Amino acid sequence: MHEHNIELLKKEAQRLVKSEASLLKEMLNIEGLLVDINQEQSLSKASAEQAVGVLEDEQRKLENFDMIIAVVGTMKAGKSTTINAIVGSEVLPNRNRPMTALPTLIRHTKGQTTPVLKFENNQPINELILNLEKEIQNQNQFKKIESLCQSDPDMKRLIEFISSKNRYENQYQGSDAIFDFLRGLNDLVRLSREIDIDFPFEKYISMNQFPIIEIEFVHLKETDSNQGRLSLLDTPGPNEAGQPHLRKMMREQLQKASAVLAVLDYTQLKSDADYEVRKELQEIADTSKNRLYAIVNKFDQQDRRGDDEETIKNFISLDLMKEKITNDSIFPVSSKWAYLANRAKHEISLKNNLPDFEKEDWVQDFAEEALGKRWKGKINDREEILQAIEDLWTDSRFELPLKKVIETAHSRAAIFAIDSTAAKLLNFSERMSNLINIRETAIKKDAQELQTQIQHLEKDISEIENSEKKCKTNISQTMISLEQKADAVLRNTKKEAIELIKNYFEEGKRIEKQENQKTKEELRNKSLIRKLLSTNKSHDDFDMNNPIMSFSDRSTALDLKEKINKSVSTVLQNTEEIIIKEMKDALSEFQNLFHQNLQSSTQSIVERMEKRSKEDGFEINISIPSLSGVNFNVSASQMLDDIISEKTETVTRQRRKSGVWGTICKWFDTDDWGWEEYQRKESYYVINIDSVHKKMVSQIDSVFSGMGETISIYVSKPLNKELEDFFDELRKKVEGIRGNLLQSITDKNLNKMKQEALFLELGRLRKSMPAIVKDSKSLKGDIEPLVTQ
Amino acid sequence: MPPVEIKNDVFRAMNFLPEKFVVDFANGIDVARDHIRFQRENDKFLMRILNGFSGKSARRQNEINQSLADGVEGALKWLTELAHSVAKTNYALVKVNERVAVIQKNVIDLAHYSAETRQKLEALSVQLHSRIDQLSHEINRIDITQKAKIQLDHVFDKWGAGRLNHFSPITKCYITLEELYWGNFGDLCRSQIENNQTLAQTMLENLANRLIQQLTKEADTTAQQRVGLSTWTNQHITSEQIATDWIEALNYAGDWAEPDPHPFVFTTTQMPNQLPVFLPRICSAERVAEAMVSEIFERN
Ligand SMILES: Nc1nc2c(ncn2[C@@H]2O[C@H](COP(=O)(O)OP(=O)(O)OP(=O)(O)O)[C@@H](O)[C@H]2O)c(=O)[nH]1
Ligand SMILES: [Mg+2]
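Protein chains in written order, with the working numbering: chain A, 1352 to 2140; chain B, 207 to 506.
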């Protein structure tokens, strides 16, 4: 949908918010209409007041929604520089080693010319510091600490900081303080890794837990503040720490971000193409479809021999991102130039002149890039500088991608804000309408009739409950069959792996036999003493049934080991892929069916209710709650990742390379799995195939033993939650209607005059109801497809 | 007194205007305070309407002013003439008649009105009754349903033929509906509401359907396709003078509308700077048609 259409939807949402709020207020003012009783009603006094509050809140959010542009990218590609370029000053440190440790929000705040960093969530870090302080004093760590301090001045500073009982504050004013804080945070991550203490990444998962820097973005200074609140999210590079928590956090942030700006490094494009980075990028593209832009940074490094723009774009879209992004969303830029130009412009607008180049390094950088080698002669020529700033900005090619990504962020954020409002509007309009219609109609009915209606509704409620039970059984059956499927795949995998090992065993034995013969021949030519020295029973006798294979030649043994390793890895990798695919297919098929069933079974209950009520003179409106759906698609591969990471974490701190098989590879190297290297007077090498076999099966088992739990965490829990929410909402609606009827019976106690007055007021209000319900429903219908787009 | 003539373009497009004017005139006669209410409240446009009805000569103008200044007496004189030569529809006559009955009753209660006034009122009442009888006689002769249908076709043909083309779709819709409301279609509808609620409902549904057809044609949309409000409200008036005439005419025609209960009519006729909250900013032809029909036909 076009930008102006979204604008229109927003206006309509705002309009409806106003009308519903005014209707609710009117209802609150009518004596005896809204009451707080111990019964669910469509609206009580309290819930109507609350609804007014909610609507006011929505109005504010529509005016000033959060738009977040997540800046992601490969290590050292220039994420922070890109952000500095947009902000127009150096809010983020960009040095030649990984600097961004925790995701950091940089929020455009009008009028905030000096940056301020707010860090409400500093407690987990201060607890960490407390632990580190203890650890530093630990004698066992002494050597390590000392060598760290010697090799790295930053570390030294941090350790001093910790030892002198310093703690992190809630707020830091000005670039220098912010800079120190961020660098310290980064050092803290490294230090905890060095001395083996967990950094509390899991306490930094959502936006409100991150540090926030508030500053006015030079670029947005002039723009309308009604366009939403823009924040940039600086993220740690994907290879930064590789912690599973970080990956999980990244995924969540990407899903929430209104737009994603992927920063790739022009100078590293080819080397970025390794499997790991590719996978990461493609995952990002999957999560952020239609709101992803890629900038190819450091394009200033392009020389005549370099690839041209089209080639680069094609390489990225086709090769690197596997067509998950189109060429028109890829932009070669120089963030450095953009940053320097924007910062120079900013300084000049503030102080009318550039600062002294001898005092501020960046001025020199700027001058060299913008004015060339002989910049010193021109640096005091204001006209020249202004022109150079413009040219450098143009040359940076930053304008277009910036404009696009902000536009996208704006419309995505607006869509989400409108969607949230629309859901509430529909809900409130229905509740108002149900209350008004029932109470009005009921005044002219006798109590007996109302009782009958109530009994009908009670039947409806129990029918809904039955329906919920059925759906729950349905889910658990599917889960069982899903687990069975996964189990079957696993059994197969094990069989295949065992088969493989058998083959290698046979191959190994063949080699062993050959070697034995060779050795025997050699032995014949050797001295008796040597013969005696080299006596070894298993070495002498070849035995097909002996699970021990021994080799005198190291490389032969290593070869075989490597072969087993590779084949098993391949089998496991295949398993991973099969399981992912099966799960994905099964789940999306199930979810479709599930939603259909759910909708159609409840639809018929509701339709019957509406029809029956109408025949009895009661106009009621119940829309089926909407199902957002659990997003299995993105999480299927991640699901498996999590099985692994959670397991390995307790076993070993080593980072996994990639996929299941990466982990397995690690075990082959690090674990005792039957590989032994004997070094005596004469070296020989032993592979115990039984041990390999056992170890592998048990490893496969342990890797996938988390499967059941994972399926429960990722599939059945969210499905059940979705189901419960759905039925809760539906039941609440029907119970509300029953409550309205109960209250109507109480209305009968009013005197005739009061009843008549209420009747008139209700009649007046009723007239606006159908239109409000209809418009709210239509708005929801308009916005929903845009959300899932 | 020569019969009042209607020449203005505005009135040709909006036949119901003079009818409304006569009814408003009758309703404006305030017996207790002995003056014409609307003369004080309404603007020059009403005087222009009055002039339009009464020819342009200055002498004539003075005469009108003079008789209006005479209070109820003068007004009655005018009402008699207007009822005679301007009011054509049954609905207007019925409404005026209702008002005259009330005035008659009030005059009896108030001592200062002369016997002559009472006689004039009596005469007017008789005249109105005979006109209404005559019309109902006609109505009986030609089937009222038939007449309603003829009117319905007529107004939609007028729209279809482009007679209303410098208006926005929503204004065309409004004018068409007012014509129907004041005319035979409205008569039939009102009589149905008294006798057979569902039949009246069906009539209005059919009416909405015809509107939807026209509106979708205008905006090149489908019945349920939601588009920005401006699609319906954009005007194509060119000439300045016409513009003010039309604006004043619409202002007057829809002076009964209030923002909350009649957001569509209020917006169409009063052209407020701030749109009413109950007016959707995005809506389909269906939504416009249904709202318009209900606002106009279900007004009190
Ligand atoms: N030539 C050139 N160098 C750049 C450009 N943008 C950034 N750099 C340099 O690349 C290095 C890394 O920049 P950062 O902005 O810190 O990169 P990052 O992606 O934030 O790095 P991490 O957060 O540590 O992963 C710095 O030395 C920058 O000066 C550019 O457009 N051109
Ligand atoms: Mg960085």
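All C-beta atoms, glycine included, are put in the ideal place defined by N, C-alpha and C.
Computed from a prediction, not measured in an experiment: that's the story for all the values here.
Contacts of residue i in chain B (Cβ-Cβ under 9 Å)
i, result
"Asp-2133(A)", "Arg-432 and Ile-488"
Beta carbon proximity, residue i to chain B, threshold 9 Å
i, result
"Glu-1391(A)", "no"
"Ile-2123(A)", "yes"
"Arg-1544(A)", "no"
"Asn-1482(A)", "no"
"Leu-1359(A)", "yes"
"Asp-1965(A)", "The sequence given here has Lys at residue 1965(A), not Asp. Taking Cβ atoms only, chain B never reaches closer than 9 Å to Lys-1965(A), which makes this a no."
"Leu-2130(A)", "yes"
"Met-1352(A)", "Residue confidence for Met-1352(A) is low, a pLDDT of 43 falling below 50, so the modelled location carries little weight; the figure read from the coordinates is stated next. With 9 Å as the cut-off, Met-1352(A) does not count as an interface residue toward chain B."
"Asn-1380(A)", "no"
"Asn-1356(A)", "yes"
Beta-carbon proximity of residue i to residue j, cut-off 9 Å
i, j, result
"Ser-2049(A)", "Pro-1898(A)", "no"
"Pro-467(B)", "Glu-501(B)", "yes"
"Leu-1978(A)", "Phe-2077(A)", "yes"
"Phe-222(B)", "Trp-462(B)", "no"
"Ala-1402(A)", "Leu-1375(A)", "yes"
"Lys-378(B)", "Gln-420(B)", "yes"
"Leu-1539(A)", "Leu-1509(A)", "yes"
"Ile-1975(A)", "Thr-1953(A)", "yes"
"Glu-1847(A)", "Phe-1902(A)", "no"
"Ile-1646(A)", "Val-1684(A)", "yes"
"Arg-1453(A)", "Ile-1548(A)", "First, the residue type needs correcting, since residue 1453(A) is Leu and not Arg in the sequence shown. No, the pair does not count as a contact, with Cβ atoms beyond the cut-off."
"Ile-350(B)", "Asp-393(B)", "yes"
"Ile-2096(A)", "Leu-1801(A)", "yes"
Close Cβ partners of residue i (< 6 Å) along its chain, the five nearest in sequence each way excluded
i, result
"Gly-1525(A)", "Thr-1465"
"Val-306(B)", "Leu-330 and Ser-331"
"Leu-1456(A)", "Phe-1561, Ile-1563, Ser-1582 and Leu-1584"
"Lys-226(B)", "none"
"Ile-1930(A)", "Ala-1837 and Val-1840"
"Cys-395(B)", "Ala-406 and Met-409"
"Met-1960(A)", "Asp-1811"
Chain-ordered chain B contacts of residue i [CB-CB under 8 Å]
i, result
"Glu-1363(A)", "Pro-486, Arg-487 and Ile-488"
"Ser-2127(A)", "By Cβ distance, chain B contributes nothing, its closest Cβ being about 10 Å from Ser-2127(A), past 8 Å."
"Ser-1762(A)", "Ordered by position in chain B, no residue passes the 8 Å Cβ test against Ser-1762(A), which lies about 16 Å from the chain."
"Lys-2118(A)", "Pro-467"
Test: residue i CB closer than 9 Å to a CB of chain A
i, result
"Arg-493(B)", "yes"
"Pro-375(B)", "no"
"Pro-467(B)", "yes"
Interface residues of chain A facing residue i [CB-CB closer than 7 Å]
i, result
"Val-483(B)", "Arg-1366, Lys-1369, Ser-1370 and Ser-1373"
Proximal residues to residue i (C-beta, below 8 Å), its chain only, five neighbours per side dropped
i, result
"Asp-1910(A)", "none"
"Phe-1416(A)", "Gly-1579, Arg-1580, Ala-1764, Ala-1765, Phe-1767 and Ala-1768"
"Met-2120(A)", "Ser-1780, Met-1783, Ser-1784, Ile-1787 and Asn-1788"
Chain-order list of residues whose beta-carbon lies under 7 Å from that of residue i (same chain, five-residue window excluded)
i, result
"Ile-418(B)", "Ala-429, Ala-491, Glu-492 and Ala-495"
Under 9 Å from the C-beta of residue i: neighbouring residues of chain A
i, result
"Ala-219(B)", "Going along chain A, no residue has its Cβ under 9 Å from Ala-219(B), so there is no contact; the nearest lies around 29 Å."
Interface partners of residue i on chain A, CB under 8 Å
i, result
"Ala-497(B)", "Ala-2122"
Checklist entry - Which runs of the beta strand (DSSP E) spanning at least 3 residues fall entirely within the stretch 1665-1691 of chain A, listed in chain order? => result Every beta strand (DSSP E) of 3 residues or more that sits fully in the stretch 1665-1691 of chain A is shown, in chain order, as 1681-1683.
Checklist entry - In chain order, which beta strand (DSSP E) runs of at least 3 residues are fully inside the stretch 1602-1634 of chain A? => result Within the stretch 1602-1634 of chain A, the complete beta strand (DSSP E) segments of 3 residues or longer fall at 1610-1616, listed in chain order.
Next on the checklist: Which complete beta strand (DSSP E) runs does the stretch 1394-1439 of chain A hold, if anything under 3 residues is left out?
Outcome noted: Counting only runs of 3 or more, we get 1417-1424.
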